[in-house]
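In my numbering, the protein residues as written are 10 to 688.
For each residue, glycine too, the CB sits at the ideal point set by N, CA and C.
In what follows, a single structure is set out as structure tokens and then discussed.
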């Protein structure tokens with residue numbers, strides 16, 4: 010039966026589905042040795058089964074063989090015939106690694122992947138030659154009132170043998186996203202086991218997806234029903250498949266009720282299943298680039314929404330026509346609400362659970378702790394917290410650096426911990442939560458902590474500051490030196506994390522997303538690194554201010570409070586002005602001086618307000634002329650026009666059409682620390 014389709018058309022879909030299933034395997038396989046629960050084994054088994062079936066349907070038989078051998082081990086584990094000890098656990102982990110490597114090979118070359126011979130031999134040795142396929146129960150058979158049309162019967166009378174001809178009753182899962190893709194994969198799989206003679210509905214109707222979720226095939230089968238059943242069920246999104254022995258119908262069926270593509274047979278309209286029609290799936294796969302484009306367009310709408318509101322208010326103030334101005338205001342308000350809802354829905358469509366990143370770390374901690382000969386466990390909380398896809402992509406590498414540094418430099422080995430009176434096994438806690446209109450990700454360990462005296466000494470040794478300047482550093486500021494480029498107190502380089510060189514990269518990546526990185530550490534007790542990340546990197550709430558003729562935006566998540574300068578108590582520490590705020594000194598920084606803004610006209614009011622930004626224990630007061638209120642703004646990059654500008658992270662267009670500059674709070678805080686430390 011000719012399908013007239015190129016398998017490469019569906020390679021992207023196959024790779025996407027395989028990536029999803031491999032994520033499940035990678036997340037679960039590292040926990041299997043410690044917690045071999047039935048639920049976990051079944052989850053791993055289902056993921057592997059789906060990959061194997063899809064691989065077979067795509068023609069990647071060698072890759073499917075690797076997954077099949079993996080599946081054989083899982084079957085024995087699930088059946089209680091094999092215990093997941095260290096050897097079995099390591100072999101399964103190595104196999105998942107090989108599957109990931111194989112998937113990357115398939116993606117780059119489009120050609121089958123042949124696994125390492127030694128790995129396949131290890132799998133076969135562990136399984137003892139037993140196969141999950143051989144242990145499967147007899148395949149279900151069907152008896153139905155369905156009959157192929159007489160034209161099929163007549164065509165089949167010319168075939169010499171009817172013994173191995175079956176009607177295949179296929180039902181897709183109601184959540185199936187692309188029905189014809191699944192049907193095509195089933196046809197390809199069946200074609201590898203025999204010859205597909207006919208389909209109901211016809212090929213054209215299948216391609217147009219003019220059917221519900223039920224399809225019939227007529228097949229001359231050259232394998233066992235058990236093997237065919239397992240192969241089809243392994244494809245994924247299959248609700249059921251049964252095989253019914255073909256018998257020539259005594260009652261003639263109308264040709265329009267079904268169709269055949271057997272040579273010389275006529276095509277008809279396809280018979281309807283006895284099953285009630287199920288609702289179509291309510292989900293579809295969408296390319297990420299489309300969501301990015303929609304987000305950009307919504308950003309433009311947000312700008313125009315604010316602009317319309319401003320124009321409407323201006324017209325109402327100048328035109329004495331209350332009826333029309335009221336109607337305009339109502340329409341503008343409606344557009345604003347709809348735009349807001351559209352923005353919210355598109356942002357929700359871009360959300361992913363942060364566990365997409367977190368799930369790799371149990372396995373990573375397990376592997377690295379064994380490599381370092383340390384006993385380390387990791388606990389993950391808040392994996393269900395949803396964040397924007399762009400944030401997910403941005404925090405992956407920083408978190409890997411952080412976990413590696415914690416394992417390599419932060420946590421002691423068992424002997425050292427025992428000597429300190431600690432449990433021999435170290436622990437890492439990775440959490441995520443929504444807080445203050447942002448995403449907070451925290452990584453903490455109960456290791457040796459960060460010694461500020463060692464950092465001061467290292468800073469002097471590396472020539473970063475004088476001995477006197479280092480002595481003036483608070484313990485907290487000394488600990489923040491770990492984010493300096495190339496800074497480390499590690500005595501030797503390791504192949505796990507070097508000397509901690511990556512922490513400056515961590516900070517750069519987090520700040521590039523508009524996030525803030527902070528650290529809390531107690532020598533001898535442990536370290537906590539806090540990432541405060543925006544909900545999205547495209548649109549944010551901002552506090553508008555003006556200095557001279559220039560408008561500035563401070564990210565609302567970084568604004569702690571605003572104060573009128575007339576009510577402030579200002580003193581000087583050294584030569585720097587500071588604000589006394591509830592017993593705490595907050596350094597003051599004039600944006601006019603920082604960005605060299607000229608005075609607009611003689612006699613204008615200047616420096617009337619202070620915007621306190623930062624975190625609870627790291628603040629700076631930014632002095633501005635006027636406060637203009639809060640507004641949602643769309644972040645636009647200015648680096649390609651102006652290059653990298655210290656203290657600024659981008660620009661936006663306001664409702665009145667003016668361009669405002671977005672203040673980079675992180676770099677301002679860093680600049681302030683430099684002033685305080687005398688460099």
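Contiguous alpha helix (DSSP H) elements confined to the region 603-674 occur at 648-651, taking only those with 4 or more residues. Assignment of alpha helix (DSSP H) within the region 535-615, counting only whole runs of 4 or more residues, yields 600-603 in chain order. In this chain, residue 210 is not harboured by any alpha helix (DSSP H), its DSSP state being neither H nor E. A distance below 7 Å between beta-carbons, with the five flanking residues on each side excluded, links residue 646 to the following residues of its chain, in chain order: 659. For residue 86 against residue 50, the beta-carbon gap comes to about 6 Å, under 8 Å, which counts as contact. Collapsing the DSSP output to three states places residue 155 in coil. Under DSSP, residue 362 shares a beta bridge with 395. Under the three-pair Cβ rule at 8 Å, the region 663-675 counts as touching the region 315-327. It is roughly 35 Å from the alpha-carbon of residue 47 to the alpha-carbon of residue 226.
For residue 407, the CB contacts under 7 Å within the same chain, skipping 5 residues up- and downstream, are 515, 518 and 519 in chain order.
In the three-state reduction of the DSSP assignment, residue 255 falls in the coil class. In this structure, residue 556 lies away from residue 642, with their beta-carbon atoms at least 8 Å apart. For residue 244, the three-state secondary structure derived from DSSP is coil.
Distances from the alpha-carbon of residue 76 to those of 112, 94, 450 and 600 put 112 closest.
Residue 355 is positioned such that its CB atom lies closer than 8 Å to that of residue 303. Rounded to whole angstroms, the gap between the alpha carbons of residue 601 and residue 311 is 29 Å. Less than 8 Å separates the beta-carbon of residue 383 from that of residue 423.
DSSP places residue 441 in the uninterrupted beta strand (DSSP E) bounded by 435-444.
Taking one beta carbon from each stretch, the region 627-641 and the region 541-557 have 3 or more pairs nearer than 8 Å; the two touch. For residue 136 and residue 42, the gap between their C-alpha atoms comes out near 17 Å. Short of 7 Å from the beta carbon of residue 676, and not among the five residues preceding or following it, lie these beta carbons of its own chain, in chain order: 655 and 656. Going by C-alpha positions, residue 359 is about 43 Å away from residue 482. CA-to-CA, the gap between residue 469 and residue 463 works out to about 10 Å. In the DSSP assignment, residue 47 falls within the unbroken alpha helix (DSSP H) covering 47-67. Contact annotation, residue 540 with residue 450: C-beta distance approximately 4 Å; criterion of less than 8 Å satisfied.
Distances from the alpha-carbon of residue 446 to those of 465, 395, 428 and 476 put 395 closest. Annotated three-state conformation of residue 203 is strand, per DSSP.
Residue 543 is positioned such that its CB atom lies no closer than 8 Å to that of residue 674. Counting along the chain, the unbroken beta strand (DSSP E) around residue 178 starts and ends at 174-181. In the DSSP annotation of this structure, the continuous segment of the beta strand (DSSP E) that includes residue 225 starts and ends at 223-230. Residue 527 is classed as buried because its beta carbon has at least 16 other beta carbons within 10 Å across all chains shown. Excluding the 5 residues flanking it on each side, residue 344 has same chain C-beta neighbours closer than 8 Å at 314 and 317, in chain order. With respect to residue 65, residue 198 sits close: the two C-beta atoms are nearer than 8 Å. Contact annotation: the region 191-209 touches the region 239-252, with at least three C-beta pairs closer than 8 Å. In the DSSP assignment, residue 27 falls outside any beta strand (DSSP E) and lies within the alpha helix (DSSP H) extending over 20-41. Counting along the chain, no beta strand (DSSP E) covers residue 460, and no H or E run does either.
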